[in-house]
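All remarks here apply to the structure that follows.
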Amino acid sequence: MAKFDMFRNQTDFQTFASGETIFRQGDPRTFMFVVNEGEVEIRLGDKIVEVVEPGGIFGEMAMIDGQPRTATAIARSDCKLFPVDQKRFQFL
5 MAKFDMFRNQ TDFQTFASGE TIFRQGDPRT FMFVVNEGEV EIRLGDKIVE VVEPGGIFGE
65 MAMIDGQPRT ATAIARSDCK LFPVDQKRFQ FL
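In the working numbering, the protein residues as written are 5 to 96.
Have a look at this one:
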């Protein structure tokens, strides 16, 4: 899993409460996310396929291929996430 500690000091975070849906399978892409605090479950249906921890990223595939989301992301705990839009993504 890639670590993106360079985002730790950013101020434009989004917060999600435990159990809150961040995005759903089939949603259009808008951002990928870097986890600053908390954990995020990536699900295919009811199956958890990954747990993303602080410093990890998720949602990047939709940024790469431009297709709708292939999985659902749910906050496993209260989360503080840094959204990365297409412009920032291309900079990386």
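Built from N, CA and C at the ideal position, the CB exists for glycine as well.
Since the structure is predicted, the reported quantities are computational estimates derived from the model, not experimental observations.
Any chance the CB of residue i is under 6 Å from a heavy atom of the ligand NAD?
i	result
Asp50	For the ligand NAD, the structure offers nothing, since it holds no ligand at all.
Quick one: what's residue i bridged to in DSSP?
i	result
Ile78	Thr25, Glu45
Phe17	Looking at the DSSP assignment, Phe17 forms no beta bridge with any residue, so it has no partner.
Pick out whichever of the options has its Cα sitting closest to the Cα of residue i.
i	options	result
Glu57	Val39, Ile68, Gly30	Val39
Asp82	Pro72, Glu41, Gly60	Glu41
Thr31	Asp89, Gly63, Ala21	Strictly speaking, residue 31 in this sequence is Asp, with Thr absent from that position. Considering only alpha carbons, the answer is Gly63.
Arg47	Gly59, Ile68, Gln29	Gln29
Gly49	Arg73, Gly59, Phe37	Arg73
Gly60	Ala21, Pro87, Asp16	Pro87
Glu45	Phe37, Val55, Lys51, Met36	Val55
Using three-state DSSP, classify residue i as helix, strand or coil.
i	result
Phe8	Interpretation of Phe8 is limited by its pLDDT of 49, a score under 50 that renders its predicted location unreliable; the figure taken from the coordinates is listed afterwards. Coil at Phe8, not helix or strand.
Glu64	helix
Lys84	strand
Our contact map puts residue i next to residue j with C-beta atoms below 8 Å; I'd like the distance itself, whole angstroms only.
i	j	result
Gly23	Ala79	6 Å
Ala66	Ile26	No, Ala66 and Ile26 are not in contact; Cβ-Cβ is about 12 Å, not under 8 Å.
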